[in-house]
Amino acid sequence: MNMALGYEKRNVRLYVDGGKKVPAIDFINSLQHLQNILYHVGDYVFGNGCRTSGVFPQEVRDSCTLLFKDIKMGSVDAELIIGDEQVSITDDGTLGEIAICATNDLLKAISKKGALKEELYQIINDPHRLNKLLKEFYSMCPETGSSKTVSIGFCGEKPTELSSLHKQILHELMNKPAEEYEKEIFGWVFDLRVDQKKKIMVDTTEGQINCFYDNEIENEVREYIGKFVNVKGTMKPHNRYYAMYIDSEDSIEEKKDYFLKQMRVADEPRILLENVQLLLEREDDCYVASNDGLGILAVGNSMKGVIKEAEEQLFILFKEYVLTDDELADSGKLLSEKLRTITGGTSGYL
143 MNMALGYEKR NVRLYVDGGK KVPAIDFINS LQHLQNILYH VGDYVFGNGC RTSGVFPQEV
203 RDSCTLLFKD IKMGSVDAEL IIGDEQVSIT DDGTLGEIAI CATNDLLKAI SKKGALKEEL
263 YQIINDPHRL NKLLKEFYSM CPETGSSKTV SIGFCGEKPT ELSSLHKQIL HELMNKPAEE
323 YEKEIFGWVF DLRVDQKKKI MVDTTEGQIN CFYDNEIENE VREYIGKFVN VKGTMKPHNR
383 YYAMYIDSED SIEEKKDYFL KQMRVADEPR ILLENVQLLL EREDDCYVAS NDGLGILAVG
443 NSMKGVIKEA EEQLFILFKE YVLTDDELAD SGKLLSEKLR TITGGTSGYL
């Protein structure tokens, strides 16, 4: 991840040179593609599922909308900054800053001759969303022989000129669009349809997802209504969003535990060194997530909400037992050591 200084992580520069003059529409189009890129990356950083169309959530727009700081005419040289008003308490930065750094990493990756999608997946591990981003970058690249040049700079670094070489690399990377991809979800089956559109509706950690199933497994699928499940299937475009398609009884299984992979620090995700196991239950139309060993007990009206609450509680424990200067009892010291093992200690917090 980019190690830019805090104040640089919000900065973006867009330079468009059209020879003698720059048509306004060329600059506007380049700016729109750049804004779309940051929205898509921000949506990914926020942990939202990929959408086929529609408006980005307000939280993403609040953190990733570009604002002008300065603009020089002639060849248009625009200095921009995200309108993110959050303040990070860790070295990772705010979610908007993380989105800019990830976009910078993506630009560097596609600037390499012989760039591989496997390397890009380490930055954006979502095939369909990655393909959308590649298309936006591709649209920004000038045509071969064009007098126009477009350069982008992130995090205070020297702008990278998008060239015909970028266009060729991006064309090869987009050669096989990822309209469908494999996915695994965890959630609560809260509804089932057995008419022609056979599907179950699952409230997952990413929001509600429709899962369509084959006729042959209808009896097996019925058994999971009102249960926590793990589902493996293929995500495909369906209306404005993606739906999962499952075709065998092995695609779905009951599972009551979920493993946290991050804790939430001031609404920012922090990846854990070790996953934290949570037991999930339903009580009075609410979800309850617990880990007795750590003392986590979260309650929420949605799967996404209860997991977010558990992530926040984990950070509260981390502050109380790891970041504290107070003398801890023996039981507190044991918990502190356990939390250090899970989180990696105080690096980036002190």
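Quick note on the working numbering: the sequence shown kicks off at 143 and runs consecutively. Built from N, CA and C at the ideal position, the CB exists for glycine as well. Fair warning: this is a prediction, and the values are worked out from it, not measured in the lab.
Residue i vs residue j beta-carbon contact at 8 Å
{"i": "ILE331", "j": "VAL344", "result": "First, the amino acid is wrong: residue 331 is Val here, not Ile. The answer is yes: Cβ separation under 8 Å."}
{"i": "ALA431", "j": "ILE449", "result": "yes"}
{"i": "ASN178", "j": "CYS297", "result": "no"}
{"i": "LYS340", "j": "GLU324", "result": "no"}
{"i": "PHE188", "j": "LEU237", "result": "yes"}
{"i": "HIS270", "j": "CYS192", "result": "yes"}
{"i": "SER293", "j": "TYR157", "result": "yes"}
{"i": "ILE90", "j": "LYS211", "result": "This structure cannot settle anything about residue 90, because the visible part of the chain is limited to 143 through 492."}
Limits of the unbroken beta strand (DSSP E) element including residue i
{"i": "GLY184", "result": "Unbroken run through GLY184 is the alpha helix (DSSP H), 166-187; no beta strand (DSSP E)."}
{"i": "CYS243", "result": "Unbroken run through CYS243 is the alpha helix (DSSP H), 237-252; no beta strand (DSSP E)."}
{"i": "GLN404", "result": "399-407"}
{"i": "VAL292", "result": "291-296"}
Beta carbon proximity, residue i to chain C, threshold 8 Å
{"i": "LYS403", "result": "The chain inventory of the structure shown lacks chain C, comprising one protein chain alone."}
For residue i, three-class secondary structure by DSSP
{"i": "GLY474", "result": "helix"}
{"i": "TYR366", "result": "coil"}
{"i": "ASN361", "result": "helix"}
{"i": "SER230", "result": "Low local confidence applies: a pLDDT of 47 at SER230 is under 50, so the model's placement there is unreliable, with the coordinate-based value given in what follows. Correct three-state label for SER230: coil."}
{"i": "LYS529", "result": "What is shown of the chain runs 143 to 492, which leaves residue 529 out entirely."}
{"i": "PHE328", "result": "strand"}
{"i": "LYS378", "result": "strand"}
{"i": "PRO284", "result": "coil"}
{"i": "ASP427", "result": "coil"}
{"i": "GLU469", "result": "coil"}
{"i": "PRO199", "result": "coil"}
{"i": "SER444", "result": "coil"}
{"i": "ASN267", "result": "coil"}
{"i": "ARG335", "result": "strand"}
{"i": "LYS482", "result": "Sequence check: residue 482 is Arg here, not Lys. If DSSP states are grouped into helix, strand and coil, ARG482 belongs with the helices."}
Per DSSP, the bridge partner or partners of residue i
{"i": "PHE210", "result": "LEU222"}
{"i": "ILE394", "result": "VAL373"}
{"i": "CYS353", "result": "ILE342 and MET386"}
{"i": "ASN433", "result": "ILE438"}
{"i": "THR488", "result": "Partner(s): none; THR488 has no beta bridge."}
Beta-carbon proximity list for residue i, same chain, < 8 Å, skipping 5 on both sides
{"i": "LYS397", "result": "PHE328, PHE370, VAL371 and ASN372"}
{"i": "GLY447", "result": "TYR429"}
Proximal residues to residue i (C-beta, below 7 Å), its chain only, five neighbours per side dropped
{"i": "THR488", "result": "VAL464 and LEU465"}
Continuous alpha helix (DSSP H) stretch holding residue i: start and end
{"i": "LEU315", "result": "306-315"}
Spatial neighbours of residue i in its chain, beta-carbon cut-off 6 Å, leaving aside the 5 residues before and after
{"i": "LEU477", "result": "TYR463"}
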